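A.B. asks:
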Amino acid sequence: MKHIFLFFWLLLPLTVLAESSPISRVEPPFWWTGFRETGLQLMIYGDKVSRLTPELDYPGVSINRVEQVDSPNYLFLYLDVSAEARPGEVEIVFSSEDESFTHRYLLKQKNRDPDHARGFSAADAIYLITPDRFANGDPGNDIIEGMGDTLDRSAPGGRHGGDLEGIADNLDYIGDMGFTAIWLNPLVENRMPTYSYHGYSATDFYRVDPRYGTNEQYRELVSSARDKGIGVIMDMIVNHIGSEHWWMDDLPTNDWLNFQGAPVITSHEHITEQDPYASGYDRSRYSDGWFVDTMPDLNQRNPLLADYLTQNALWWIEYLGLAGIRMDTYPYPDKHYMAEWSRRLMEEYPHFNIVGEEWTDNPAAVSYWQAGKVNRDGYVSYLPSLMDFPLQSALRWGLVTEEGSKMEDLRPGGFLYLYRMLANDFLYPDPGALVIFPDNHDITRIYTQLGEDYDLFRMAMAYILTMRGAPHLYYGTEVLMHNREAEDHGIIRSDFPGGWEGDTRNAFTGEGLSEKELEAQAFLKKLLNWRLDKKVIHSGSLTHFKPENGTYVYFRHDSDDSVMVVFNKNHEKFELQLGRFAERLEGYSQAMDAVSGELTPLGESLTLPPRSVRILELRKAPGSG
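Count along the sequence shown starting at 1, add 20, and that's the number in this note's numbering.
Right under this line is the structure:
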């Protein structure tokens with residue numbers, strides 16, 4: 021009994037002191053042993069914590085250095101978590117002349133399963149979701165006191181109540197459609213007074229916004245999705261934060277932000293990063309300017325901030341077991357930092373994937389950022405993938421403009437424009453790694469782009485799901501969601517039908533959908549599920565033929581299989597002569613339509629229905645081997 025009393029007496033001072041600790045935040049909140057690079061930065065925040073001296077005694081963990089900054093309320097503690105370190109609680113003693121207390125920092129074991137963070141690839145089909153607008157699984161978290169804007173489903177720019185539980189509840193629908201990955205617009209806290217639903221104004225890098233759920237729910241979603249063969253891609257932003265981020269009340273340093281104290285809005289002129297003649301002023305205005313006045317621009321040239329942001333990405337990958345990161349506004353931050361950020365992540369997770377957003381229709385500018393590109397200025401990137409905005413633009417204009425026409429800038433209209441854009445693939449080190457798409461959360465929905473022409477819609481979907489690269493579709497595309505009312509982002513990101521109790525239309529069940537919407541959903545489900553095991557589509561070679569007479573033909577092929585994709589934009593049926601495709605048709609005598617299952621002999625010509633697309637699996641003559 022005496023020994024038990026002594027034990028609790030010894031603990032008492034620590035308990036009392038811990039309660040009086042001035043530390044209010046430690047980020048990252050915990051870490052792991054087993055990382056390749058053993059350095060770990062702890063951002064410690066609290067009342068005048070810079071006066072404190074840290075010490076620790078833990079096998080395999082040591083203090084490298086301590087950094088004090090302009091604000092006395094921060095302390096940056098750099099640890100070395102060596103290969104010899106084991107999981108456990110590291111007791112860090114903080115002391116000054118008149119006080120001493122202990123902070124227990126948790127170290128876990130890094131997951132050694134190579135599939136824990138295996139990245140998406142061209143074998144995947146990605147479903148892009150804006151979480152606030154997909155499904156409301158838990159109405160109890162719709163309104164959280166102190167979180168800024170509140171629930172207003174009637175407002176296009178308001179909070180509508182979608183959440184993590186809503187996504188989890190509908191994983192079976194996503195998987196049954198044939199999708200193997202989901203990309204979620206940002207889920208981290210956005211405690212902004214208005215217009216916070218989109219997620220791109222982070223106010224806490226380590227916390228899921230409670231209106232979506234909790235960090236643990238996010239983790240559970242990733243695990244459940246993985247069990248169903250669906251990877252999760254996290255949307256991230258290192259370029260900027262929201263103006264209500266907790267840092268803004270007490271910035272660590274005088275250079276934590278670009279244009280700190282006197283904001284300047286970015287020029288949004290992307291090409292300045294590649295322009296050999298660009299002035300220093302223009303370069304700074306682009307990369308250092310604020311995205312908008314409510315999104316302060318982070319200065320990644322500050323080494324403390326750089327370490328913080330990189331560690332945050334590593335933390336989420338390891339904590340969640342992600343299949344990828346989609347990096348928002350990739351060219352806007354300091355480009356040398358982004359190279360190091362990408363290098364560090366890919367070094368730690370060699371099977372991971374990252375896709376960057378470079379929103380331009382100039383393939384030369386997009387290719388600049390891809391890993392393996394030999395750039396004239398010597399810039400070396402480690403970014404595996406990019407969003408293929410040039411091909412998206414070309415697909416839209418190639419479909420809506422007349423064959424043989426000229427656009428206002430004298431570029432050719434029709435399929436020839438699409439053909440020429442694809443020919444620019446010589447600029448990319450790995451065009452097959454690009455992410456291709458008909459639309460996304462930032463641009464007009466594809467059905468609206470195409471004038472709600474269902475025939476053109478089918479062509480666009482067939483193209484995206486048979487072209488090189490990893491395809492993604494925005495939620496609701498499968499049921500012809502549109503924004504004919506306006507180009508307002510809130511309308512583009514309208515609620516998915518059936519995601520809310522009381523919805524009269526339900527895309528999950530088909531209830532209340534029109535005949536055309538059901539047809540589109542069935543068409544995409546058929547194509548997506550057909551694509552699942554089609555290695556020739558995932559990684560096969562691509563050969564296309566110059567468009568002629570309102571038709572466009574390309575082949576996906578490897579040593580085992582060949583698929584012929586044929587577009588006919590004419591308003592009447594067309595007899596396609598097959599002679600000029602002989603180099604790709606040799607040895608094949610039949611073709612099976614991937615959608616209808618119809619078997620067609622390959623003779624001198626192929627009859628194409630008006631305004632149609634056919635995806636044909638080529639078959640060799642019986643007995644030809």
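All C-beta atoms, glycine included, are put in the ideal place defined by N, C-alpha and C.
Source: prediction; values computed, not measured.
Kindly indicate which residue of Ser141, Trp52, Ser102 has the alpha-carbon position closest to the one of Lys128.
C.D. replies: Measuring from the Cα of Lys128, the nearest candidate turns out to be Trp52.
A.B. asks: Contact check, Thr657 vs Glu209 under 8 Å by CB: the rounded distance?
C.D. replies: One cannot answer for residue 657 here, as it falls past the ends of the chain, which runs 21 to 645.
A.B. asks: Just verifying my parser: in three-state terms, what is the DSSP assignment at Pro621?
C.D. replies: It is a strand residue.
A.B. asks: Going by the CB atoms, is the gap between Val86 and Leu95 shorter than 8 Å?
C.D. replies: Their beta carbons are under 8 Å apart, which means Leu95 touches Val86 by this criterion.
A.B. asks: Can you look up Ile149 in the DSSP assignment and give me helix, strand or coil?
C.D. replies: Three-state DSSP puts Ile149 in a strand.
A.B. asks: I'd like the list of long-range same chain contacts for Ser632, defined as Cβ closer than 6 Å, with 5 residues on each side in sequence excluded.
C.D. replies: These residues qualify, in order along the chain: Asn588.
A.B. asks: Any idea which residues DSSP pairs Phe594 with across the strands?
C.D. replies: For Phe594, which the question treats as bridged, DSSP gives the partners Leu628.
A.B. asks: Could you tell me which residues DSSP puts in a beta bridge with Arg346?
C.D. replies: Arg346 is bridged to Asp255, Val375.
A.B. asks: Going along the chain, which residues of its own chain have a beta-carbon closer than 7 Å to the beta-carbon of Leu447, five neighbours each way excluded?
C.D. replies: For Leu447, where only same-chain residues beyond five positions count, the Cβ hits under 7 Å are Pro383, Ala384, Ser387.
A.B. asks: Can you tell me which of the three DSSP states Val36 falls into?
C.D. replies: At Val36, the pLDDT of 33 sits below 50, so the modelled position is not reliable; the number obtained from the coordinates is stated separately. Helix, per DSSP.
A.B. asks: Output the boundary residues of the beta strand (DSSP E) element that contains Ala490.
C.D. replies: Counting along the chain, the beta strand (DSSP E) containing Ala490 begins and ends at 490-494.
A.B. asks: Whether or not the segment 624-640 and the segment 594-607 are in contact is what I'm after, with contact meaning three or more pairs of Cβ atoms, one per stretch, closer than 8 Å; do they touch?
C.D. replies: The segment 594-607, when compared against the segment 624-640, does touch it at the 8 Å Cβ threshold.
A.B. asks: Contact between the segment 167-180 and the segment 272-280: three or more CB pairs below 8 Å?
C.D. replies: Counting Cβ pairs under 8 Å, fewer than three are found: no touch.
A.B. asks: Given Tyr339, which residues of its chain have a CB within under 8 Å of its CB, disregarding the five upstream and five downstream residues?
C.D. replies: Same-chain partners within the cutoff: Asn235, Arg239.
A.B. asks: Which residue spans inside the segment 95-155 form an unbroken beta strand (DSSP E) run of at least 3?
C.D. replies: Correct list: 108-115, 120-129, 146-149.
A.B. asks: Within its chain, find whatever has a CB closer than 7 Å to the CB of Leu191; leave out the 5 residues flanking it on each side and keep chain order.
C.D. replies: Ser244, Ala245, Lys248, Ile250, listed in sequence order.
A.B. asks: Between the segment 457-475 and the segment 427-441, do at least 3 Cβ pairs fall closer than 8 Å?
C.D. replies: No contact exists between the segment 457-475 and the segment 427-441.
A.B. asks: Could you give the residue range of the alpha helix (DSSP H) that holds Leu544?
C.D. replies: Its alpha helix (DSSP H) spans residues 535-551.
A.B. asks: Under DSSP, the beta strand (DSSP E) around Met481 begins and ends at which residues?
C.D. replies: No beta strand (DSSP E) holds Met481; the alpha helix (DSSP H) holding it covers 474-486.
A.B. asks: Can you give me the Cβ contacts of Gly624 inside the same chain, cut-off strictly under 8 Å, excluding the 5 residues immediately before and after it?
C.D. replies: In the sequence on display, residue 624 carries Glu and not Gly. The residues are Gln597, Leu598, Gly599.
A.B. asks: Alpha carbon to alpha carbon, how far is Glu646 from Phe543?
C.D. replies: In this structure the chain extends from 21 to 645, so residue 646 is not present and cannot be described.
A.B. asks: Mapping DSSP to helix, strand and coil, what is Ala611?
C.D. replies: Ala611: strand per DSSP, three-state reduction.
A.B. asks: Counting C-beta neighbours from all protein chains within 10 Å, is the total for Phe409 16 or more, i.e. buried, or is it exposed?
C.D. replies: Flag for Phe409 reads buried.
A.B. asks: Quick check: Ile261 and Pro316, are their CB atoms within less than 8 Å of each other?
C.D. replies: Against a cut-off of 8 Å, the Cβ pair of Pro316 and Ile261 comes out as a contact.
A.B. asks: Is Lys554 buried or exposed, if buried means 16 or more other CB atoms sit within 10 Å of its CB?
C.D. replies: Buried, since its Cβ has 16 or more Cβ neighbours within 10 Å.
A.B. asks: Along the beta strand (DSSP E) that carries Phe587, what are the first and last residues, could you check?
C.D. replies: 582-588 is the span of the beta strand (DSSP E), which, as asked, contains Phe587.
A.B. asks: Please confirm if the segment 517-524 is in contact with the segment 143-157, defined as three or more CB-CB distances below 8 Å between the two stretches.
C.D. replies: Touching, yes.
A.B. asks: Taking Ala540 as the reference, give the member of Ser582, Gly496, Arg513 with the closest Cα.
C.D. replies: Minimum Cα distance to Ala540 is reached at Gly496.
A.B. asks: Give the single residue among Leu403, Tyr494, Glu185 whose Cα lies nearest to the Cα of Met197.
C.D. replies: Closest option to Met197, Cα to Cα, is Tyr494.
A.B. asks: Is there contact between the segment 373-380 and the segment 338-355, where contact requires at least three CB pairs shorter than 8 Å?
C.D. replies: Enough Cβ pairs lie closer than 8 Å, so yes.
A.B. asks: By the three-class DSSP mapping on this structure, what secondary structure does Thr58 have?
C.D. replies: Three-state result, Thr58: coil.
A.B. asks: Measuring CB to CB, does Leu126 end up less than 8 Å from Leu97?
C.D. replies: No; because the gap between Cβ atoms is not below 8 Å, this pair is not in contact.
A.B. asks: Secondary structure at Asp317, three-state DSSP: helix, strand or coil?
C.D. replies: It is a strand residue.
A.B. asks: Taking all protein chains shown into account, do 16 or more other C-beta atoms lie within 10 angstroms of the C-beta of Tyr574, making it buried, or fewer, making it exposed?
C.D. replies: Flag for Tyr574 reads buried.
A.B. asks: Taking 7 Å as the limit between beta carbons, can you name the residues of its chain near His661, skipping five residues before and five after?
C.D. replies: Outside the displayed span of the chain (21 to 645) sits residue 661, for which this structure offers no information.
A.B. asks: Between the beta-carbon of Ile149 and the beta-carbon of Leu60, is there less than 8 Å?
C.D. replies: Result no, Cβ atoms of Ile149 and Leu60 do not sit closer than 8 Å.
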